[in-house]
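Chemist:
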Amino acid sequence: MWKPLTFGLVSGATLATVGLAGSAGLATYFARRVVVPPKTPGEDVRVHSLGYDSVDIAEGQEPSSIRIDATDRTRARGNYGFYFSGGAGFAVLGEITSYSPKDQTVTRQILKIMRGDISDIERGRLSGVVAPHPRDAGYAFEDIELNLPVGPAPAWLIRPGASLTALPAQKAESSPATRSSTWAIMVHGMGATRAETLRALSATQALGLTSLHMSYRNDREAPASEDGRYGLGFTEWRDVEVAIDYALEHGADDVVLFGWSMGGSISLQAADKARNRQHVRALVLDGPALNWIELIQYHSQLNKMPLRIGQLGVSMITHPALKVFTGLKDPIRLEEISWPHRASDIKVPTLIMHSVDDAYVPVGPSQELATKSALVDFVPFEEASHTREWNVDPVKWERTLIDWLGPHLG
Numbered sequence: 001m002w003k004p005l006t007f008g009l010v011s012g013a014t015l016a017t018v019g020l021a022g023s024a025g026l027a028t029y030f031a032r033r034v035v036v037p038p039k040t041p042g043e044d045v046r047v048h049s050l051g052y053d054s055v056d057i058a059e060g061q062e063p064s065s066i067r068i069d070a071t072d073r074t075r076a077r078g079n080y081g082f083y084f085s086g087g088a089g090f091a092v093l094g095e096i097t098s099y100s101p102k103d104q105t106v107t108r109q110i111l112k113i114m115r116g117d118i119s120d121i122e123r124g125r126l127s128g129v130v131a132p133h134p135r136d137a138g139y140a141f142e143d144i145e146l147n148l149p150v151g152p153a154p155a156w157l158i159r160p161g162a163s164l165t166a167l168p169a170q171k172a173e174s175s176p177a178t179r180s181s182t183w184a185i186m187v188h189g190m191g192a193t194r195a196e197t198l199r200a201l202s203a204t205q206a207l208g209l210t211s212l213h214m215s216y217r218n219d220r221e222a223p224a225s226e227d228g229r230y231g232l233g234f235t236e237w238r239d240v241e242v243a244i245d246y247a248l249e250h251g252a253d254d255v256v257l258f259g260w261s262m263g264g265s266i267s268l269q270a271a272d273k274a275r276n277r278q279h280v281r282a283l284v285l286d287g288p289a290l291n292w293i294e295l296i297q298y299h300s301q302l303n304k305m306p307l308r309i310g311q312l313g314v315s316m317i318t319h320p321a322l323k324v325f326t327g328l329k330d331p332i333r334l335e336e337i338s339w340p341h342r343a344s345d346i347k348v349p350t351l352i353m354h355s356v357d358d359a360y361v362p363v364g365p366s367q368e369l370a371t372k373s374a375l376v377d378f379v380p381f382e383e384a385s386h387t388r389e390w391n392v393d394p395v396k397w398e399r400t401l402i403d404w405l406g407p408h409l410g
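If you count the sequence shown from 1, position 67 lands on 67 in full-length UniProt numbering, and the numbers rise without skipping.
1. Starting from P154, trace the beta strand (DSSP E) both ways and give me its first and last residue.
2. Between G233 and I337, is the Cβ-Cβ spacing less than 9 Å?
3. Just to confirm the assignment, what range does the beta strand (DSSP E) spanning F84 have?
4. Are I158 and S85 close, meaning C-beta to C-beta below 9 Å?
5. Okay, do the region 128 to 140 and the region 197 to 207 touch, 3+ Cβ pairs below 8 Å being the bar?
6. With respect to the beta strand (DSSP E) encompassing F378, which residues constitute its N-terminal and C-terminal limits?
7. Can you name the start and end residues of the beta strand (DSSP E) that Y246 belongs to?
8. Can you list, in chain order, the residues of its chain with a C-beta nearer than 7 Å to that of W397? Leave out the 5 residues immediately preceding and following it.
9. Any idea if Q301 is buried or exposed, counting beta-carbon neighbours within 10 angstroms, 16 or more meaning buried?
10. Go to Y99, then tell me how far its beta strand (DSSP E) extends in each direction, as first and last residue.
11. For the alpha helix (DSSP H) containing R217, list its first residue and its last residue.
12. Express the C-alpha separation of R277 and E241 in angstroms, rounding to a whole number.
13. Helix, strand or coil for H48, going by three-state DSSP, please let me know.
14. Alpha helix (DSSP H) containing G259: first to last residue?
15. With distances taken between CB atoms, is the gap from P37 to R194 smaller than 9 Å?
16. Identify which residue in D103, R77, T105 and I113 has its Cα closest to the Cα of A91.
17. Under DSSP, the alpha helix (DSSP H) around L409 begins and ends at which residues?
18. Going by DSSP, which residues form a beta bridge with A109?
19. What does the Cβ neighbour count give for V395, buried or exposed, with the cut at 16 atoms within 10 Å?
20. Could you tell me the distance, in whole angstroms, from the CA atom of E173 to the CA atom of L164?
21. Are three or more beta carbon pairs between the region 293 to 309 and the region 373 to 383 nearer than 8 Å?
22. Could one say the Cβ of E336 lies closer than 9 Å to chain D's Cβ atoms, at least one of them?
23. Tell me the rounded alpha-carbon separation between D345 and L50.
24. Got a sec? Which residues, its chain only, sit under 7 Å from D72 by beta carbon, not counting five neighbours each side?
25. Does the distance from the C-beta atom of I68 to that of A206 stay below 9 Å?
26. Let me know the secondary structure DSSP gives S127 once reduced to three states.
27. Take F258 as the anchor and find which of N303, G410, V284 and L148 has the nearest alpha-carbon.
28. At what residues does the beta strand (DSSP E) containing M353 begin and finish?
29. Which residues share a DSSP beta bridge with R115?
30. Determine, using beta carbons only, whether A222 and P154 come nearer to each other than 9 Å.
31. Output the distance between the C-alpha atoms of W339 and A274, rounded to the nearest integer angstrom.
32. Using a 10 Å radius around the Cβ and a threshold of 16 neighbouring Cβ atoms, would you call N218 buried or exposed?
33. Counting only the same chain and skipping the five closest in sequence on each side, list residues whose C-beta sits under 7 Å from that of V392.
34. Could you check where the alpha helix (DSSP H) with D136 kicks off and where it finishes?
35. Which residue or residues does DSSP assign as beta-bridge partners of D286?
36. I'd like to know whether the C-beta atoms of Y99 and A70 end up nearer to each other than 9 Å.
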């Protein structure tokens, strides 16, 4: 990994050292890719064919398998969501049934089509989300609204014992948990929505936690910030502060913050800066982005850009004189959200689950933070791409969480 930059005055002479104006333009494009929220993700997986259980296909019969492009993500084991028809359709795909190296295609089970007509689609998008709504996950919920600094934002509130499929006796057995005074506040990652966080429900319900699945500024569900730019956790923590207030005002004594990817950065900032941070009992982080300086440089190298492009991109994000290039209202102090350098500032027990095969947010900073802080426990996963640890091994993910968090709940 590269050495952190010295964030001094960046002048025209500095820009000149980058080379031609085209290099500065490339750095601007790269920096904006980091802070500008993406539009609705495109459907980048080609559908080759659908399979049916019977030769004679009856009218209205749903397919039982789908053959799609073979990529590192589509070849991974586990269950995944599949968006199609511009996001209007959604299906749950199961394990691989066949793989053709020659055609570079993979066939996966179709476990359930939750909405839409999949019969004639040509493309779709694989997702770690396996239930886009609490009802799809099998849980009763309440729609609530959080009054964020940027405006009202939707959230789901799910109380203990909310399973729609539990037998009456099972619900009775879980009734003591409904009196739990600890809430789980779920914070999704960059480019995702609160649906990403529903995968934690089985574990939080087992622990008897009320869970609040929030949206936050610039995530396509909540209002945009004034500049319409991500703060990488540097600004979004104020939205989590509001969620903590809501929990405290509605019966919680304390909260556990759950964060996926950039949501991990947001949660760490909230635990460090929020005026109500004394009510944060623990943190649970999945594939967290912990060192933005290194991460931005890593992605510049991943995109085969010269070292100087990544360095200038970081300067554009961090220096007040260069914010015109990114459209940021205020610069982001990346060193403040680079947590391996701030290990001594971790004040609450923290669990990190992170795949060693994560090629989007490398695992190194998670491992480093755990070695530097006695309050941080790191549990590695294998084979999973970014924030898909649960998808690859849900039993391990849920057991790890329950075994770790249970004792911390007292």
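Each residue gets a CB set at the ideal place from its N, CA and C atoms; glycine is no exception. The structure presented is a predicted model; accordingly, all values stated were derived computationally and were not measured.
Modeler: So, to answer that:
1. Unbroken beta strand (DSSP E) run through P154: G151 to I158.
2. Yes, they are a contact pair.
3. Its beta strand (DSSP E) spans residues Y80 to F84.
4. No. Outside cutoff.
5. Three or more Cβ pairs drawn from the region 128 to 140 and the region 197 to 207 lie within less than 8 Å of each other, which places the two stretches in contact.
6. V376 to F381 is the extent of the beta strand (DSSP E) around F378.
7. First-last for Y246: W237 to E249, but that is the alpha helix (DSSP H), not the beta strand (DSSP E).
8. The residues are M353, E389 and W390.
9. With fewer than 16 Cβ atoms within 10 Å of its Cβ, Q301 is classed as exposed.
10. That run of the beta strand (DSSP E) goes G89 to S100.
11. Run containing R217: none; DSSP gives neither H nor E here.
12. The C-alpha of E241 lies about 8 Å from the C-alpha of R277.
13. If DSSP states are grouped into helix, strand and coil, H48 belongs with the strands.
14. Premise fails: G259 lies in the beta strand (DSSP E), D254 to W260, not in any alpha helix (DSSP H).
15. No, the pair does not count as a contact, with Cβ atoms beyond the cut-off.
16. If you compare the alpha carbons of D103, R77, T105 and I113 with that of A91, the shortest gap goes to I113.
17. P394 to L409 is the span of the alpha helix (DSSP H), which, as asked, contains L409.
18. It is worth fixing the name first, because residue 109 is Gln in this sequence and not Ala. Residue pairing by DSSP places Q109 opposite S65 in a beta bridge.
19. Using a 10 angstroms sphere on the CB of V395, the tally of other CB atoms stays under 16, which defines it as exposed.
20. Note on E173: pLDDT 44, under 50, position unreliable in the model; the coordinate value appears next. Approximately 15 Å, taken between the alpha carbons.
21. By the criterion of at least three beta-carbon pairs nearer than 8 Å, the region 293 to 309 is not in contact with the region 373 to 383.
22. Going by chain labels, chain D is absent from the structure shown, which holds only one protein chain.
23. In a straight line, the C-alpha of D345 is about 52 Å away from that of L50.
24. Closer than 7 Å at Cβ, skipping near neighbours: S385.
25. For I68 and A206, no; Cβs fall outside 9 Å.
26. Reduced to three states, the DSSP call for S127 is strand.
27. Here the closest residue by C-alpha is V284.
28. M353 -> beta strand (DSSP E) spans T350 to S355.
29. DSSP lists F90 as partners of R115.
30. Their beta carbons are under 9 Å apart, which means A222 touches P154 by this criterion.
31. For W339 and A274, the distance between alpha carbons rounds to 17 Å.
32. It counts as buried.
33. A76, R77, G78, F381, E383 and A384, listed in sequence order.
34. Annotation: the continuous alpha helix (DSSP H) that includes D136 extends over P134 to A137.
35. DSSP lists W260 and M353 as partners of D286.
36. Yes. Within cutoff.
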